[in-house]
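Sequential numbering from 26 applies to the sequence shown in the working numbering. Think of the CB as a built atom: it goes at the ideal place given N, C-alpha and C, for glycine as much as any other residue.
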Amino acid sequence: MTEGRRAGAGGNRGGGGGEEVDGVLAALADPTRRHLLELLAARGEATATALAAPLPISRQAVVKHLGVLDAAGLVTAGRVGREVRYAVRPEALDVTARWMSALAADWDRRLARIKRVAEEAEQEPS
């Protein structure tokens, strides 16, 4: 495998940067962070206190999780008076979805090629 091919498989497909995709996937690996994103998507925006209310974790833990999501580009934090309000930023998810689609398309092509080779081998006389 060539160096260029290796680089392409690591997250640079579909127009997205590998580091951005890696950050999103790492952030989404935690079920609490996925739940926080779902809550934010449903509410539009919310404070850490409001997000912590239905969860079995402290507000401080929620803030730490939101910091990871923010670093991955999945949420944005904005001050409104004394409150910090968080909202979902879909762009990083879009980049990751494009990368995943490109990866799936690569695998579909590879599997189709394997199927074709197997079918041709099956048709050859023994």
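Legend entry - Pairwise C-alpha distance: Val-120 and Gly-43: 10 Å
Inset, instruction - Return yes when the Cβ of Val-109 is within less than 8 Å of the Cβ of Thr-57, no when it is not. - result: no
Legend entry - Straight-line Cα distance separating Leu-94 from Leu-76: 14 Å
Inset, instruction - Express the C-alpha separation of Val-49 and Leu-99 in angstroms, rounding to a whole number. - result: 7 Å
Inset, instruction - Taking only runs that begin and end inside the segment 36-105, name each unbroken beta strand (DSSP E) of 3 or more residues, in chain order. - result: 70-72 and 100-105
Legend entry - Whole-angstrom distance between Val-113 and Ala-86, CA atom to CA atom: 18 Å
Legend entry - Residue from Leu-128, Asp-131, His-90 and Met-125 whose Cα sits closest to the Cα of Arg-111: In the sequence on display, residue 111 carries Tyr and not Arg. Of Leu-128, Asp-131, His-90 and Met-125, the residue nearest in Cα terms is His-90.
Legend entry - Helix, strand or coil at Arg-114 [DSSP, three-state]: coil
Inset, instruction - Excluding the 5 residues preceding and the 5 following Ala-52 in the sequence, name in chain order all residues of the same chain whose CB lies nearer than 8 Å to its CB. - result: Arg-58, Val-93, Leu-94, Ala-96, Ala-97 and Leu-99
Inset, instruction - Quick one: residues in its chain with C-beta nearer than 7 Å to the C-beta of Glu-45, no 5 flanking neighbours on either side, listed in chain order? - result: Gly-98, Ala-117 and Val-120
Legend entry - Separation of Asp-47 from Lys-140, as counted between CA atoms: 31 Å
Inset, instruction - Note down the Cα distance separating Val-88 from Met-125, rounded to an integer number of angstroms. - result: 28 Å
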